[in-house]
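If you want it as structure tokens, here you go:
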């Protein structure tokens with residue numbers, strides 16, 4: 015059984031799932047950022063993280079890290095908004 019709570023707007027949120035997805039996102043973000051620093055130096059995230067170079071080429075470690083991070087973001091957003099009216 016997972017913990018849930020009612021939010022101010024009146025919908026139930028699975029708190030345990032939210033915690034898990036936040037943790038997964040944090041780990042995926044660290045891996046992606048480390049890969050950008052490895053490839054592009056200490057300012058790699060600032061210079062390239064949110065442009066085309068931040069994705070990396072298909073089949074590279076950078077692209078894998080990018081894709082895992084994007085999936086983690088999507089899971090976190092879903093957990094955060096689950097049960098929200100209109101979502």
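In the working numbering, the protein residues as written are 15 to 101. Cβ coordinates follow ideal geometry from the N, Cα and C atoms, glycine included.
| query | Is the number of C-beta pairs between the segment 82–97 and the segment 28–39 that are closer than 8 Å three or more? | reply | Cβ pair count under 8 Å is three or more, so yes.
| query | Over what stretch of residues does the alpha helix (DSSP H) that includes residue 41 continue unbroken? | reply | Looking at the DSSP string, the run of the alpha helix (DSSP H) that includes residue 41 is 29–54.
| field | Buried versus exposed call for residue 49 [16 or more other C-beta atoms within 10 Å across all chains shown] | value | Counting the other CB atoms within 10 Å of its CB gives residue 49 a total of 16 or more, which places it among the buried residues.
| message | Below 8 Å on the Cβ atoms is my contact criterion, and I expect residue 9 with residue 46 to pass it. Report the Cβ-Cβ distance as a whole number of Å. | response | Outside the displayed range of the chain (15 to 101) lies residue 9, so it cannot be described from this structure.
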